[in-house]
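There are 4 protein chains.
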Amino acid sequence: MKSPDKHRKIIRAATKVFAKKGFFNARISDIAKEAKVADGTIYLYFNNKFDILLSVFEQEIGKLIEQVLLLLEKEESPQAKLQVFINHHLEEMKKNKYLAEVIHIELRQTSKLIREYRKNTFNEYLGIIAQIIEQGQAAGVFRQEIHSHVARQIIFGSLDEISRCWHVGSDCSFTTEEMSWQLTSLFQSGLLVAPTASS
Amino acid sequence: MKSPDKHRKIIRAATKVFAKKGFFNARISDIAKEAKVADGTIYLYFNNKFDILLSVFEQEIGKLIEQVLLLLEKEESPQAKLQVFINHHLEEMKKNKYLAEVIHIELRQTSKLIREYRKNTFNEYLGIIAQIIEQGQAAGVFRQEIHSHVARQIIFGSLDEISRCWHVGSDCSFTTEEMSWQLTSLFQSGLLVAPTASS
Amino acid sequence: MKSPDKHRKIIRAATKVFAKKGFFNARISDIAKEAKVADGTIYLYFNNKFDILLSVFEQEIGKLIEQVLLLLEKEESPQAKLQVFINHHLEEMKKNKYLAEVIHIELRQTSKLIREYRKNTFNEYLGIIAQIIEQGQAAGVFRQEIHSHVARQIIFGSLDEISRCWHVGSDCSFTTEEMSWQLTSLFQSGLLVAPTASS
Amino acid sequence: MKSPDKHRKIIRAATKVFAKKGFFNARISDIAKEAKVADGTIYLYFNNKFDILLSVFEQEIGKLIEQVLLLLEKEESPQAKLQVFINHHLEEMKKNKYLAEVIHIELRQTSKLIREYRKNTFNEYLGIIAQIIEQGQAAGVFRQEIHSHVARQIIFGSLDEISRCWHVGSDCSFTTEEMSWQLTSLFQSGLLVAPTASS
DNA sequence: GATGAATGAGCGTTCATTCAT
DNA sequence: GATGAATGAACGCTCATTCAT
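Going line by line, the protein sequences match chains A, B, C and D. Residues 1 to 199, numbered by this note's numbering, are exactly what the first sequence covers, in order. Residues 1001 to 1199, numbered by this note's numbering, are exactly what the second sequence covers, in order. Residues 2001 to 2199, numbered by this note's numbering, are exactly what the third sequence covers, in order. Residues 3001 to 3199, numbered by this note's numbering, are exactly what the fourth sequence covers, in order.
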């Protein structure tokens, strides 16, 4: 039996290599060396280079989904859930630089066509955000005028841009918590200064 | 003197080709053919393939900056300026699919190192957002607690994610105006249902 | 002791696979799968891929020799023997497409050097033709001017070309019997119209 | 313009390399080196390795056809024409060992499918033999009972087997002329000893 | 003996870049 | 300046062979 251990080793190696060099600059032999495996071995576990990228992506996103769902269960209010999601995403991205890079790469490089062949784990992840929004709208705490799909785009877009900046190295001295708080704060109350009670 | 006409033709062709196939899948000969120029001619105007990408990027972003600055001049209030920026960005991305793709590509594929060699026109563009926020904070209309840098990330991230979705083809039936309104609305007032006056 | 059963199974599988895909396009794993044996097992019975080809060849030609010798025993006249040989060869080639292909392949692809390492069963087979000719010459029924070696080349070459055409699919609607008759007829009396008795 | 000179050089080199090592054992880099050309250059003139083989084949057979047609024009009687064809073929094969090998290889290795994509120059060559036979039959000098297609197979098969033997190195001390005479003789009068006039 | 996962050398092909014209 | 034929390094992938189990 093809060892699941080796499968994991290759995935891990690929994540690292893709993150470091980008998909196109990554060489199969780089991944093989990183995984301490022969080049050919990789092809026992994956169909081709692209398949590795997709697998890495699906796998990592899968983990992300599992984790965040567990955390979300514990929360009641949509506001809290949104906060938790944001928190978790940023923390993971900070912790796992590789994953963050791979998300960037995959999101921009995978052609639409190829992505359609696979049921999209990533969309599942995005869907979680939309659900939180919808629950909030149903509960009457989030504004109805903002479409959940748009809200989802704004939220994920923000998270993604933030982690992009981290990796580009734009010095941003905020801690993850501060970052997370600022995001949540903006999403919840907007940018505008709150009108005073009297007005 | 190397004709500026040819330079422009190549840039335009490259924009198209990079957008259609992505940087790594684009071949120099594709660009040459699109520009109706010999392969070798391209090397009279650019150092190498990557140089073309950067040039395309700088050039297009440069245009974006010029245009939006012109529009912003006409507005007084930071809120209006923010609205104008969002509007303009989305409209351009919708109009110029190529540019949108090239931004995605460049943003995710250009290694940090290379980018440092050039003064970053793109950062200038992002700076405009931050300035609007800061002006709003100075004027007392935008909350001080949200750091301008973070606000900028949220805003650009949202815009970028939205145009990403357009190109992935996620059917999103909003018009640019609606989209733009929803964004502005969220940024200004947040997600939360406004407290009723009496409460 | 390595089971002769498995040896046979592999040979049979290899014959099929070589015939279907050609030697170079055949993969060891194809043969292994066809023989319902592990890839590695093949190397318990054969030294390498080429060794399999040679073995297949020798084995099959060996069978051919046995069979035809048995049939030839029953005939007296060299003419009848020649007829029997031609008949038998064509019938076998028609029956056993795989063998026919393998003969073609082996005959054209095996380098001279390698073939010398083995005593050549195939030459034995060709030798049978030459012997028939020589017997006929000794008996005074076949012309002395035609060297037995040349006659052998003509006869085998014809047979081989005919089976090549069968496999290329050149529609040739003759039955094996007709084919065999035409060949024998030409070899015996030539192409020329027989001079009339009076002349 | 891609120089026709280089095209020729590559064809010539490929003929040599294919002949020496066989199609599958020949490396593109072998051909490139032999042609004193860069590996990549070959792909300016040919689509792929197989395309080279086909081109070599078509080209060489084309030459063969031209030459032999020229010679045949000068002859009147079908017997003479047959003799000329046989002579010419054997002489060319003896002279141009590479071509002989390439014919063998192509004939046995090219899959049926691929050959159909091209109009078959080789069939044209074979057709010449059949025509000679048919002319002879029409003229009443060749026997009607032998189908021209079969006769063609016998004749070409013989020629091919003879040149095969030359290259395998089976010592055959006949000169081309003797060989040619023996062949013609057999085809014309068969193997059988001519009945004496009295009988 | 049998297995089949692992190996890694090897090759066809691509394509950015150069340079003679 | 412009051309595009020529270059050759580089890489994804295959598959015969090995060897630990």
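Just so you know, even glycine gets a beta-carbon here, dropped at the ideal spot from N, CA and C. Note that the structure is a prediction, hence the values are computed from the model and not measured.
If you draw a straight line from the alpha carbon of Val-1150 (chain B) to that of Ser-180 (chain A), how long is it in whole angstroms?
-> 10 Å
For the 8 Å Cβ check, are there 3 or more pairs between the stretch 36-56 of chain A and the stretch 85-92 of chain A?
-> no
Could you give the DSSP three-state label for Phe-2174 (chain C): helix, strand or coil?
-> coil
Taking the C-alpha atoms as reference points, what is the distance between Phe-24 (chain A) and Glu-1161 (chain B)?
-> 23 Å
In terms of alpha-carbon separation, which member of D:Gln-3153, D:Ala-3014, D:Gln-3079, D:Lys-3006 lies closest to Val-3141 (chain D)?
-> D:Gln-3079
Grab me the residues of Gly-1028 (chain B)'s own chain with a C-beta within less than 7 Å of its C-beta, minus the 5 sequence neighbours each way, in chain order.
-> Note that residue 1028 (chain B) corresponds to Ile in the displayed sequence, not to Gly. Cβ neighbours of Ile-1028 (chain B) beyond the five flanking positions: Asp-1039, Ile-1042, Lys-1049.
Beta-carbon spacing of His-1167 (chain B), Lys-1097 (chain B) below 8 Å | yes
Report yes if the CB atom of Ala-2100 (chain C) is closer than 8 Å to the CB atom of Val-2056 (chain C), and no otherwise.
-> no
Secondary structure of Phe-23 (chain A), DSSP reduced to three states = coil
Whole-angstrom distance between Glu-1076 (chain B) and Ile-105 (chain A), CA atom to CA atom | 39 Å
Tell me, please, whether the CB atom of Ala-2151 (chain C) is closer than 8 Å to any CB atom in chain D?
-> yes
By the 10 Å Cβ neighbour count, where 16 or more other Cβ atoms means buried, how is Leu-3070 (chain D) classified, buried or exposed?
-> exposed
Along the chain, where does the alpha helix (DSSP H) that runs through Val-2037 (chain C) open and close?
-> Run containing Val-2037 (chain C): none; DSSP gives neither H nor E here.
Mind pulling the alpha helix (DSSP H) runs of 4 or more residues that sit fully within the stretch 1044-1119 of chain B?
-> 1049-1073, 1078-1095, 1097-1109, 1112-1116
Would you tell me roughly how many angstroms separate the C-alpha atoms of Met-2093 (chain C) and Glu-3092 (chain D), rounded to the nearest one?
-> 30 Å
At a CB-CB cut-off below 7 Å, which residues of chain C make contact with His-3089 (chain D)?
-> Those do not exist, as His-3089 (chain D) stays about 12 Å from chain C at its closest Cβ, beyond 7 Å.
Can you give the beta carbon distance from Phe-1187 (chain B) to Ile-1155 (chain B), rounded, assuming they're within the 8 Å contact cut?
-> 7 Å
Alpha-carbon to alpha-carbon, Lys-1081 (chain B) and Ser-1199 (chain B) | Bear in mind that the predicted position of Ser-1199 (chain B) carries a pLDDT of just 43, short of 50, making it unreliable; the figure below should be weighed with that in mind. Whole-angstrom Cα-Cα distance: 32 Å.
Taking 8 Å as the CB-CB limit, is Met-2179 (chain C) close to chain D?
-> yes
Pull up the distance between the alpha-carbon of Asp-2030 (chain C) and that of Ser-1173 (chain B), whole angstroms please.
-> 52 Å
For Ile-10 (chain A), decide whether its Cβ has a neighbour in chain B, counting only Cβ atoms nearer than 8 Å.
-> no
Quick one: using the 10 Å Cβ neighbour count with 16 as the cut-off for buried, is Glu-1060 (chain B) buried or exposed?
-> buried
In its own chain, which residues sit with a C-beta less than 8 Å from the C-beta of Leu-1072 (chain B), not counting the 5 before and 5 after it?
-> Lys-1081, Val-1084, Phe-1085, Ile-1128, Ile-1132
Does DSSP put Val-17 (chain A) in a helix, a strand or coil?
-> helix
Please compile the residues from chain C whose C-beta is within a distance smaller than 7 Å of the C-beta of Phe-3156 (chain D).
-> Glu-2161
Min CB distance Leu-3186 (chain D) to chain C below 8 Å | yes
Under 7 Å Cβ to Cβ from Leu-1064 (chain B), same chain only, skipping five residues before and after it: list those, please.
-> Glu-1092, Tyr-1125
How about Phe-50 (chain A): is its C-beta nearer than 8 Å to some C-beta of chain B?
-> no
Coarse secondary structure for Lys-1002 (chain B), derived from DSSP in three states = coil
Roughly how many whole angstroms lie between the Cα atoms of Gln-144 (chain A) and Gln-137 (chain A)?
-> 6 Å
is_contact[Glu-2058 (chain C), chain D] using C-beta, thresh 8 Å = no
Going along chain D in order, which residues have a C-beta closer than 9 Å to the C-beta of Phe-2024 (chain C)?
-> Gly-3022, Phe-3023, Phe-3024, Asn-3025, Gln-3109
Could you give the DSSP three-state label for His-3167 (chain D): helix, strand or coil?
-> helix
Please decide whether Ile-1201 (chain B) counts as near chain A, where near means a Cβ-Cβ distance under 8 Å.
-> Any property of residue 1201 (chain B) remains undetermined from this structure, which presents chain B solely from 1001 to 1199.
What's the C-alpha gap between Lys-1074 (chain B) and Glu-1066 (chain B)?
-> 13 Å
Distance, Cα to Cα, Leu-1183 (chain B) vs Ser-189 (chain A)?
-> 13 Å
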